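Trainee:
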Amino acid sequence: MPGKVVEKKTPKQTLLTAITGNVGAILVGLKYFVNPNRFTLKYPYEFIELDETYRGFIILELKKCIGCMSCARICPAAAMKMVKIQVEGKKRPMPVPVINYNRCIFCGYCVDVCPTEALAHLPVHDVVYTNMEDMVLDVDGFQKLVDTPAKDEGVPVKYVFDPERGLVKVPATRG
Amino acid sequence: MTGIIDFIIKLIIWPPLFQLVLLPGLVTALVVVIFIIWFERKTAARVQMRIGPYHISPRLGGFLQLIADLTRYAFQEIIVPRTVDRAVFIGAPLTALVLSVVPVVAMPMTDIPRYFPIPMDYSLIISMGLTTLSPIFIVAAAWASNNKFALIGGMREAFVITAYELIFIISGLSAGLAVLSYNIVDIVEAQAPFYKWILFTNPIAALAMYASILMSTSGFPFEIPEAENEIVAGAFTEYSGLMYGVNMGSAYIKRFVYTLLFSLLFLGGWAPYTPQPGFIAGYLIPAVIVVVKATIVMATISFLRAVYGRLRIDQALDGAWRIFIPIALAGLLLALLEAYMGVYA
Amino acid sequence: MSASPALKDEIKLPGMDLKKIGKDLYEVFIGPQHPGSGHMRIIIRVDGDVIVEADPDLGYVHRTMEKLAEGREFIKVIPLMERMAILDACNITLPYVEAVEKLMDIEPPPRAKYLRVLLCEINRIASHLYGMGIFGVFLGHSTMYMWPFGDREVFVELAEKLTGARLTHTYAVPGGVRRDIPQGFREMAEKAARYMEKKLEDYKRIFLDNPAIQKRLVDVGVISKNLAAKLGIVGPNLRASGIRYDVRIIEPYEAYDEIDFEVPIYEEGDAYARAWIRVMEIKQSLNIIRQVLEKMPQGDPLHEKFWAKAPKLYKTVYETTGRAKLIPLYANLKVPAGRAIARAEAGRGEVIYVVESENKTKPYRVRVVSPSFRNAIVFKYIVPGHRIADLPAIYGSIDYFPPEADR
Amino acid sequence: MSQKEGKAYVGNLDVSARKAQDLLLNKAKLGKLVDWATAFSLWPVHLTTSCCGCEFAATWSPRFDAERYGALPWIASRQTNFMIIEGTVTKKMAKAVKVTWEQMPYPKFAIAMGACALDGGIFYNSYNIVRPWQIIPIDVFIPGCPPRPEAVARAIIELQKMIRTKGLASQWIIKGYREEALKYYTGGEG
Amino acid sequence: MAFIDRIKEIMSSSGIEAEVSEGKGFIKVKVPLEQWEEAAKALASNGFDHVKTVTIVDYKARGVFEVAYHVSSFLDTGLAKYIIELSTEIPRDNPVVKSLVGIWPSAEFLERESFEFFGVVFEGHPDLRPILLLDEVVAKHPLRKDFVVKEEGIFR
């Protein structure tokens, strides 16, 4: 059964609502002042351990790659390009994907379309650069593990849902 | 040599200068303002489920944040656009800053005549009169900026100040009327027992004065003259660097001075304490008590920013003329009644 | 301000050229660098404090999506179109996917339909909370900015668990969806819904029932029923004016015809009603999320055309991680010739796509009209007569999102 | 009143300001203090260039709360020192970006956020966009579309480190410009 | 009576030679350019009160622009579920069409947008200025098929 329309009315303003409204607003403010529901991530000292399914940076496992070029063809931002390199066990140079993080939009199409799971997401998404050239990776760079810079400074945490406080921060162990 | 040091010490503790510069003048005001802005940001953060300034000094909960902001402002480029009226653009905020702190020279912080800044019998009227000076220069600064947003902000400042200064003065006078004296010392002394604070005997006037402080000193979100989402900091749109710091500072100092007056008139001043002879017991301690009370009042104002939104200018003026001026007049009547019945006789 | 010779070479923005305006009027530019506007500009002409003329100047975020879509394969258009409202990503791309499906004459499996509805409603809540947050900050109510943005994170987290991305989900693809729900998702959603319902009461007390806010909103920016129809505005703004129009009930798409929900209507048409309607719609969306998770049928995530032929690895990946991998055919999806129109109710209103294909791998023409673009006309007709201070209130209540409008 | 170099009633402000800067920063070694203060007082100007603004807003929202770093989104460009380019910059917006950047007093810094602000992202071949590094000098680049709020926070931390170790703020005040930031500045349009 | 017949009836009763056909998600009403305004009036007087999109498709090979208004109704819930595509064809070298802003004010911004992207002139539009683009970009009429954006190959 589809939805139905329900007519509603906004509350009227009277002198009484003016008084109760003011008092109510201040009381709610006080409630949060006395018992704050803080769930701030203290970022460099703590960092969120992302799920394995998170669509973060991408890593190439060269052994599995068959050079089908599906990833480069489906890349919406033309961030993934093919380069021809000589691979062990192949006679002719094989096309292998490389990535340009200047463009990558982390849509995960390439990972999803890869027929051999040669591409995989890393649960990392807080890397910054001061030089744009560092973001254009070659085949070797594409196979390297990108790790979150917060790892050296902080501890991993996870957020879990809670009916009283929305999200609650709990410690997590990496691995 | 010792003569010079003696002279300097004497000059420093010479009441008018001491009060204007050190306590509760410029220096104390700055310390209180730094505390209050930090408190404001932390309170808002607390209500808003977050932490607020923190990383600059994790152990102090980010207390140094304001120092960093001020230092950064102090060393930033000061842009004076080509289209402004240069002299007024630079002069007006500085004048406003000086004038905003001037009213404290008329506020005695103790009842020992030796430490009165300027002994006089009409200190209430003089101090309230002096508070009305600085807004003029904010309007001047707005005019000099030659910017449409600044102009609108200046106009709003003029409107709001006219309306709410009136409330401020009426409710201030009603405090004096109850005691039948316009000398702040008399008013404070009359409130010596806790239950005789005018806040309790005349809450109507206190409410009116509190509201007028809220509105006329432009604290977020009651900063109608500098509404950020409407007219981009209003009068101060064009100010940068230290000049903007001066503007911000003078707004907060003004609020501090207003709340000083509020705590003298309604919260019993140095009330639980009776000044004793001697510089420390007779002057410093009572002054600190007044400053602490004023800070608490400012803190409540800071808390309200987390609860309220901004009013429209016409609604604010409507509230002033239609609600708060009648309330202030009712407070005046009540004060008259109290004076007649001799509550503070 | 006389034009001194040195000022001549300075940058000119559109609208800055000299125009004749009334004698007592002066022009104020609200935006694009202005905290009371987003990435758009409203040129207003003011008489004293009262606005007499408003001229919205859009296009600051026009990123040429319609043109770029003509040069890209069908599947690539989804992330492209998603960028116009990344906080409402599933809703805004769904009609495109539906239009492509109509052209290909396929229908997604029932489970995919429910999953789409699930993400759509999560997005709708996040989008409404975003709108309320912006609304709050426009009224100088900083808590009303922070709370919705904080609570939005609950739903962003929920969407992240489902799709693997915070905002740009790229979830629905022709034929189905890309991921299945992870383990324990139902409990998470239930907890989030319970939290949100409780929190909405606090919103009411600090914002909607706050007399200072009521004063700002009641009878401000009134759009009457007839005017709303005349201007062709959409979404919650339309329903706040008393028009019974919601694509979810007018033309139920996906699984909406199997779900029981209410569409709140307000007759007042002012900014206050527009604030209320968002709160009410969040409540209904929570209700829909619960029902979807309850009624969700079993089945494949993708249409059998794409799923039956998929290699074995694909199915193992789907069973272990919930990722429905796409077969390489998607990279060069050939869509039969024809024109299809599809519409959906996005967070801000009806979004409509006209997709024309000529039996190639790239669309011939993709025309999209987003809800914000249709709402933009409101500023021209509603704002005049109000004070400058009302402009942020109206702007916030319309929940205008410039990237969505400019495409 | 004459408009010449501040000859009005207040003395020559520019010259005296420069002298004071020289005295304080070169001779009194206040550079470290300035760098410290600037690093912890990066106030981004409110200029939302595109849809990464959603994550920009989320960065200042309770869960990530970038105000902890002392960064407070501020209203008017004149009072800020920090700009985050949030995603695509269209040709129309580029002019506004340039105007805003020039309105800001130095020392000022900029971060480019999101793939669109780096190399166009998904709009790499659009006819209506500008790469922001063509119009203003950028200090830190954040990949992602949109980047997570943590990445924005990471960029702020990175910038703070750069300011404090390289003394960017004090250098800028002494010289009036920044050499390393000119690397990306190619004139561009706008 | 099927809805499509009702549209046919509306058109024929107003004396308009319209080709009415059913499309995927819409009902196509193709009218000759001369009867453009009358057709719009006929639809408007039958309860179609707003325009959803103004879509222009450039058929370069045939040398025409197809101008299509997708109209529907808000106030009449019975009509709301249908989208009518009112379309006509105009020559590419002289792209002029009557503006329908007078009939449907909701088309105002949509027509301005079509004007800047295709250079189609809407006669009688009260305020025909570019809305999204800068003048130098408008001059290229970017959505016409002869303005080509370059796509990149898949090899670096």
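Quick note, the sequences are listed as chains S, X, L, G and Z, same order. Positions 1 to 175 (our numbering) are the ones given, in order, by the first sequence. Positions 1001 to 1345 (our numbering) are the ones given, in order, by the second sequence. Positions 2001 to 2407 (our numbering) are the ones given, in order, by the third sequence. Positions 3001 to 3190 (our numbering) are the ones given, in order, by the fourth sequence. Positions 4001 to 4156 (our numbering) are the ones given, in order, by the fifth sequence. Quick reminder that beta carbons are idealized off the backbone N, C-alpha and C, glycines included. Just so you know, these numbers come straight off a predicted model, no measurement behind them.
Ignoring anything shorter than 4 residues, give me the alpha helix (DSSP H) runs that lie fully in the region 2058 to 2122 of chain L, in order along the chain.
Mentor: Fully enclosed alpha helix (DSSP H) runs of 4 or longer: 2065 to 2070, 2074 to 2082 and 2089 to 2104.
Trainee: Specify the secondary structure class of VAL3140(G) as computed by DSSP and reduced to three states.
Mentor: If DSSP states are grouped into helix, strand and coil, VAL3140(G) belongs with the strands.
Trainee: Can GLU2153(L) and ARG3063(G) be called in contact, C-beta distance under 8 Å?
Mentor: Yes, Cβ-Cβ distance for GLU2153(L) and ARG3063(G) is below 8 Å.
Trainee: Have a look at GLY1998(L) and ARG2178(L) and give me their C-alpha separation to the nearest angstrom.
Mentor: Residue 1998(L) lies beyond the residue range present for chain L, which begins at 2001 and ends at 2407; the question has no answer from this structure.
Trainee: Does THR173(S) get closer than 8 Å to chain Z when you measure Cβ to Cβ?
Mentor: Output row for THR173(S): interface = no.
Trainee: If you count every other CB in all the chains shown that lies within 10 Å of the CB of TRP3060(G), and 16 or more means buried, which is it?
Mentor: Buried, because 16 or more other Cβ atoms sit within 10 Å of the Cβ of TRP3060(G).
Trainee: Do we get a CB-CB distance below 8 Å when we pair ARG1050(X) with the residues of chain S?
Mentor: Yes, contact with chain S.
Trainee: For TRP3074(G), which beta-bridge partners are listed by DSSP?
Mentor: For TRP3074(G), which the question treats as bridged, DSSP gives the partners VAL3045(G).
Trainee: Figure out for me which residue from ALA1158(X), VAL1246(X), ALA1281(X) and SER1263(X) has the closest Cα to the Cα of PRO1093(X).
Mentor: With distances taken between Cα atoms, PRO1093(X) lies closest to VAL1246(X).
Trainee: Excluding the 5 residues preceding and the 5 following SER3170(G) in the sequence, name in chain order all residues of the same chain whose CB lies nearer than 7 Å to its CB.
Mentor: So the qualifying residues of the chain are LEU3025, GLY3031, VAL3034 and ASP3035.
Trainee: What ranges does the beta strand (DSSP E) occupy inside the region 39 to 121 of chain S, keeping only unbroken runs of at least 3 residues that lie completely in it?
Mentor: Runs found: 46 to 48, 58 to 60, 80 to 85, 94 to 99 and 119 to 121.
Trainee: Pop quiz: PHE3123(G) and ARG2290(L) are said to be a contact at Cβ under 8 Å. What is the actual Cβ separation, rounded to whole angstroms?
Mentor: At roughly 38 Å, the Cβ-Cβ gap does not stay under 8 Å, so PHE3123(G) and ARG2290(L) are not in contact.
Trainee: Could you tell me whether the Cβ atoms of GLU1165(X) and ALA1142(X) are closer together than 8 Å?
Mentor: Going by C-beta atoms, GLU1165(X) is not nearer than 8 Å to ALA1142(X).
Trainee: To the nearest angstrom, how far is the alpha carbon of LEU16(S) from that of VAL2247(L)?
Mentor: Distance between the alpha carbons of LEU16(S) and VAL2247(L): 39 Å.
Trainee: Which of the three DSSP states, helix, strand or coil, is assigned to GLU2254(L)?
Mentor: Three-state result, GLU2254(L): coil.
Trainee: Any idea what DSSP makes of GLY4047(Z), helix, strand or coil?
Mentor: Coil.
Trainee: Assign LYS2161(L) to one of three DSSP states: helix, strand, or coil.
Mentor: Helix.
Trainee: How long is the line joining the alpha carbons of ILE2398(L) and ALA2376(L), rounded to whole angstroms?
Mentor: When rounded, the distance between both Cα atoms is 9 Å.
Trainee: List the residues that DSSP assigns as beta-bridge partners of THR4053(Z).
Mentor: Answer is HIS4070(Z), bridged to THR4053(Z).
Trainee: Sorted by chain position, which residues of the same chain lie with C-beta nearer than 7 Å to PRO2384(L)'s C-beta, five sequence neighbours on each side aside?
Mentor: These residues qualify, in order along the chain: ILE2051, VAL2052, GLU2053 and ALA2054.
Trainee: What does PHE47(S) reach in chain G if we use C-beta pairs closer than 7 Å?
Mentor: Result: GLU3150.
Trainee: Using a Cβ-Cβ distance under 8 Å, would LYS3108(G) count as near chain Z?
Mentor: No, because no Cβ of chain Z sits closer than 8 Å to the Cβ of LYS3108(G).
Trainee: Report the rounded CA-to-CA distance for ILE2265(L) versus LYS1042(X), giving the unit in angstroms.
Mentor: Rounded to the nearest angstrom, the two C-alpha atoms are 39 Å apart.
Trainee: Give, in chain order, every residue of the region 3072 to 3091 of chain G whose Cβ lies closer than 7 Å to some Cβ of chain X.
Mentor: Listed by position along the chain: ILE3075, ALA3076, ARG3078, GLN3079 and ASN3081.
Trainee: I want to know whether the region 4046 to 4062 of chain Z touches the region 4075 to 4091 of chain Z - three or more CB-CB distances under 8 Å.
Mentor: In short, these stretches touch, since the Cβ pair count reaches three.
Trainee: Output, in chain order, the set of chain X residues within a Cβ distance shorter than 7 Å of ILE26(S).
Mentor: Near ILE26(S) (Cβ distances below 7 Å), the residues of chain X are VAL1307.
Trainee: Leaving out five residues before and five after THR1083(X) in sequence, what residues of the same chain have Cβ atoms less than 6 Å from its Cβ?
Mentor: Correct list, in chain order: ASN1146.
Trainee: Identify whether TRP1090(X) lies in helix, strand or coil by the three-state DSSP scheme.
Mentor: In the sequence under discussion, the amino acid at residue 1090(X) is Ile, which differs from the Trp named in the question. The answer is helix: DSSP assigns ILE1090(X) an H, G or I state.
Trainee: Going along chain L in order, which residues have a C-beta closer than 8 Å to the C-beta of TYR159(S)?
Mentor: Within 8 Å Cβ-Cβ: GLU2157.
Trainee: Do VAL2234(L) and PRO2371(L) have their C-beta atoms closer together than 8 Å?
Mentor: Yes. Within cutoff.
Trainee: Tell me which same chain residues have a C-beta within less than 8 Å of the C-beta of TYR1054(X), skipping the five on either side of it?
Mentor: Same-chain partners within the cutoff: GLY1061 and GLY1062.
Trainee: To which residues of the same chain is LYS2325(L) closer than 6 Å at the C-beta, ignoring the five residues directly before and after it?
Mentor: Once the five neighbours on either side are set aside, the close Cβ partners of LYS2325(L) are TYR2314 and VAL2317.
Trainee: Taking Cβ-Cβ distances below 8 Å as the criterion, which residues of the region 1035 to 1049 of chain X are in contact with chain L?
Mentor: Per Cβ criterion, the list reads ALA1044, VAL1047, GLN1048 and MET1049.
Trainee: Give me, in chain order, the residues of the same chain whose beta-carbon lies closer than 6 Å to that of GLU4085(Z); leave out the 5 immediate sequence neighbours on both sides.
Mentor: Excluding sequence neighbours, GLU4085(Z) sits near PHE4026, LYS4028, ALA4068 and HIS4070.
Trainee: Within its chain, find whatever has a CB closer than 7 Å to the CB of LEU1011(X); leave out the 5 residues flanking it on each side and keep chain order.
Mentor: Same-chain partners within the cutoff: LEU1017.
Trainee: Which bits of chain B does ARG1156(X) rub up against, with CB to CB less than 8 Å?
Mentor: Of the protein chains in the structure, S, X, L, G and Z, none is chain B.
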